[in-house]
Every structure is written in structure tokens, then in C-alpha cells.
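Working notes for the structure below.
In our numbering, the protein residues as written are 1286 to 1801.
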């Protein structure tokens, strides 16, 4: 049974498997796969080995489906003469492998005992390598030489000059790695260089951004999802230097994940973005563009923190906002506030309980008057530029008398006389098509600048305040649920009919009041 292989020099465990004969052509003629498990702990190595081995088996199976011709034991590529460029590349890539393994050992943290052991081992390996290099003794490196050649799809007889040249390059890599690891032991920053791809096998397939375009064309995602994933794919290509998807490695996916976290992304956001990469690469495997998904095993650990429940604005908060914010007391209209949206959106949210985007995307045609004279706001998604959270979000909300007193009807009529179409014409959609995406960020900054510092109190707190005011006014739950577009707790019978009449909703909303 296959088991983790421990490198005799570094002590790092690896997965090491021979590639089946019928698949070697699909793996560029290589006969061995060797992947670092990035740990020196034997128990951890056994756990990681199971997942890595299963992932490799999946790659083998996918390769059989993708390259059916190779199942007939098609001949391997003809061996060519090993050049000096090959020797230099093999030595360089072996150095990269040693430094990657060293990084992996440090990434989990080292206690004093383990650090001393790592230092002693590094010094011992360096000493042996120097002696071997000085004597030209390759006897301790036969396995390393064979594997390095196989990784390039090359081979050489043991007594050939090419074999010796590769062996000497590997000894030099050991010596150089030892010197660099000693500098790391002193706390110096030593970056691991990039690998050099063999000539003639440089992948030429699509990048993740190009794959994302194909995925979007095939699946027709929502506008926001398509834009978010496209942005994520572009950032991924920047981190991986536009590596074609067929050449991506688990380490590159992990580097992308780590870059997201290092840039300050919340783990939940990083998890979402890494999940997008995983889904795109799943799409690539389904289309047989790659043999297996290198992101399949990459995860982002998210520690569940206590939920920060949004709080409603209380009477003091409402006084702070409407008696203290300059947009209400001095008719200030900040540039990012969307003109009159800065004034009317908070008032509408307070007196209608509507969601911010429901209000920001509204058209003037949505401000209506019923045949019996009741002014109301029609919340709908009839226009292509609109979207609603749920089916129950479609509703009519009578306008509270206070909104009429403040001049909302006059405001809407004035816009109509000017030929406007939108209720808030100065709002512009953000990159995801949300009409209030940028405005919401402005409101958060503006409200904090003027005393609203509790992070649990945000624009959505107007909606919570509306619900509390409905309860204080003894408005039945099913009525204020109809006003806010909530459907929780409805039974089958409540789904019949067209809902409450506008008159009944108007009677309810007129009961609504806020303490001064």
C-alpha cells in the first residue's frame, strides 16, 4: 500500500507515485509524480497523504477520459539529448523544491525544540552536500537525479556525462538551499524563486479570466455574480501571472487564498472568492479542459463569530439624524449623496419600511395615486433595471401623511415637469448594477461623521425602526408584513387572494408615529 515518503535530507514528507504507462504521454512523458506534503510530522503526513493520493487518482482518471488515445499504451515521446539549458533548469527547479519544502515546514510554526532540530538538520545537510560537491560524489543522490530527470520527461544512463551534469547541478542546489535556509534561520527574508517550465510543454490554454468568460456564456449568471467572479478571476490572474488553467497548482490556489487574507479580506469573503475559483475550475474539468481541479482541496477557515444583530434606530437616534445631520438642518447636499436622495431616502425608509435598493431604483411612474385618492409607492421589478429580493417584495405602500407634509409629492411632480424618469436621477449604479451600492457607502461614512457610531445601526435600521413603530401602533403582524414585503410565517391559506386592500394598508400606516 502506498504511504508518505520522507525525504532523507530535509525530513519533509511527500506523495510519490509512478505514473501508469498508459498515462505517461498525457503527463508529458514523466514516469513519476512527486508532491510535497509540506510537513515533517508523520501523523499529519498520513492524513494529508490520503487526500493528496485521492486527488492524484482523480487526475489519473480524468486524464484517461481526456486522452483516450493514451489508453492504448501509445509510445512515449522520443528521448532527446540533454542540453546545458536542461541541466541549469533542473538544478534551478530542484532548488525551488527544497526552498518550498522549507517554507512548508515553517508555515505551521516551529517551537524551540523543532527550530533547533531544523537548524541542525539544515547545517548537517549543507555539510554533506559540500563534501559531496567537492568530491564529485553522486552516490547519495541517485534517487533525486532520477526523479528530477523524470519530472522533465528526460532520462540518462548513470555513467553518461549528462547524468553527472544533472547530479552536480542537484548538489549545487543542495548547497545553495542550505545557505539560503541558514539566512532564513537568522530571520532574513528569502523568497522562493519561480519554477522554470521545460521548453515545448509550456501550457497554452485559457487563463482563469478567459475561462470565466466561457463559464458566463454557458451558465448565464446574474449580473452581479458575473461581475464579481470576473473581478475575482482578474485578481487571480494577477497573482498567478496569468498561468493557464492546465498548469495551475494547489500551491498557486493557496497563494491566492493567502493574498486575499493578507490584503484584509474577511475570511468569509475570501472563502467566497476561493469558492468561485473552485467552481470555475470544476467547469473546466467538466469541459475536459483540465484533468482535475487543483482548487478542490483548498479551503478557507472561517471562525464563526457572534452575529452582530442590526438594531433599530431609537428616538434618540432619530433626533440625532433628523435634527442634527446637515442634510436635514442646513439643506446640505454632499456630492456623493446623490442630490435629493440624501434627504428623501432616509425619510422614505423610515415611513415606508422599504429596503434601500427598492427605493433607490424606483421610477417616477412608481409614485402613484389610487382612484380613491390614496398616494402610494408601487414596489415592483417591471423595469429591466430593477430587481427584488423575493416574490413577496412586490407590493404597494401607502405614503404616510408626514411624507406629503414634507413635500414628497411636490418633489415628484417637479421631476416629472423636467422630463425625468427616475425618482432619484442623480444616483448612478455601481459596478454590480446596484443603484444604491455607492450611496450606501456614503451614508455609512456620513452618519459616522455626524455621531452615529454604533456599527449595529446602519441604514437598514430604518426598516427595523419601522417594524417597531408598527408594533407600538398595534398594527397586526400580517398587515405590517404586507407593508414591508415579509412572508415569514405565512400558511397556505394566507397565500390565497390578492392581499390587503390599499385602503386597509393606508389606515394602518396612518397610525404610525415616532416619538419626538
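The beta carbon of each residue, even a glycine, is placed where N, CA and C say it ideally should be.
Counting along the chain, where does the beta strand (DSSP E) carrying residue 1663 start and finish? Counting along the chain, the beta strand (DSSP E) containing residue 1663 begins and ends at 1660-1664.
As assigned by DSSP and simplified to three states, the class of residue 1720: Correct three-state label for residue 1720: coil.
Can you name, in chain order, every residue of its own chain whose Cβ lies under 6 Å from the Cβ of residue 1541, other than the five neighbours on each side? Closer than 6 Å at the Cβ level, and outside the excluded window around residue 1541, lie 1521 and 1524.
Contacting residues, own chain, Cβ-Cβ under 8 Å from residue 1778 (five flanking each side not counted): Bear in mind that the predicted position of residue 1778 carries a pLDDT of just 42, short of 50, making it too unreliable to give a figure here.
Rounded separation between residue 1645 and residue 1730 - CA only: Approximately 18 Å between the Cα atoms of the pair.
Tell me, to the nearest whole angstrom, how far the beta carbon of residue 1430 is from that of residue 1455; I am working on the premise that it is less than 8 Å. With a Cβ gap of about 6 Å, residue 1430 and residue 1455 count as contacting.
Flag this pair as touching only if the stretch 1696-1703 and the stretch 1561-1568 have three or more C-beta atom pairs under 8 Å; answer yes or no. Short answer: they don't touch.
Three or more beta-carbon pairs under 8 Å between the stretch 1672-1691 and the stretch 1726-1743, yes or no? Contact fails: fewer than three Cβ-Cβ distances are below 8 Å.
Neighbourhood of residue 1628 by C-beta, 6 Å cutoff - its chain only, sequence neighbours within 5 removed: Sequence-distant Cβ neighbours of residue 1628 in its own chain, meaning closer than 6 Å and more than five residues away, are 1612.
Around the Cβ of residue 1378, are there at least 16 other Cβ atoms within 10 angstroms (buried) or fewer (exposed)? When all chains shown are included, residue 1378 counts as buried.
Counted within 10 angstroms of its Cβ, other Cβ atoms place residue 1233 as buried (16 or more) or exposed: The question about residue 1233 has no answer here: the residues shown for the chain are numbered 1286 through 1801.
Residue 1430 - partner residues in DSSP beta bridges: Bridge partners of residue 1430: none, in fact.
Considering just the uninterrupted stretch of the beta strand (DSSP E) at residue 1652, what are its terminal residues? Counting along the chain, the beta strand (DSSP E) containing residue 1652 begins and ends at 1652-1654.
Rounding to the nearest angstrom, what Cα-Cα distance links residue 1574 and residue 1538 in this structure? So the two alpha carbons sit approximately 17 Å from each other.
Chain-order list of residues whose beta-carbon lies under 8 Å from that of residue 1619 (same chain, five-residue window excluded): Here the set comprises 1612, 1627, 1727 and 1731.
Cutting at 6 Å between CB atoms, please list the residues of its own chain near residue 1514, excluding the five before and the five after it. Here residue 1514 has 1497 and 1561 as same chain residues with Cβ atoms under 6 Å from its own Cβ, once five neighbours each way along the sequence are excluded.
DSSP three-state label for residue 1760, please. Coil at residue 1760, not helix or strand.
Does DSSP put residue 1470 in a helix, a strand or coil? Three-state DSSP puts residue 1470 in a helix.
Taking 8 Å as the threshold, find out whether the stretch 1646-1658 comes into contact with the stretch 1745-1762 through three or more Cβ pairs. With the cut-off at 8 Å, the stretch 1646-1658 and the stretch 1745-1762 do not touch.
According to DSSP, what are the bridge partners of residue 1683? Beta-bridge partners assigned by DSSP to residue 1683: 1661.
Report the CB separation of residue 1348 from residue 1300 in whole angstroms; it is logged as a contact under 8 Å. Actually they are not in contact, since the Cβ atoms of residue 1348 and residue 1300 sit about 17 Å apart, beyond 8 Å.
As assigned by DSSP and simplified to three states, the class of residue 1425: Looking at residue 1425 - three-state DSSP - the assignment turns out to be helix.
Suppose you measure from the CA of residue 1551 to the CA of residue 1344; what does that come to, to the nearest Å? Each residue's Cα considered, the two are about 32 Å apart.
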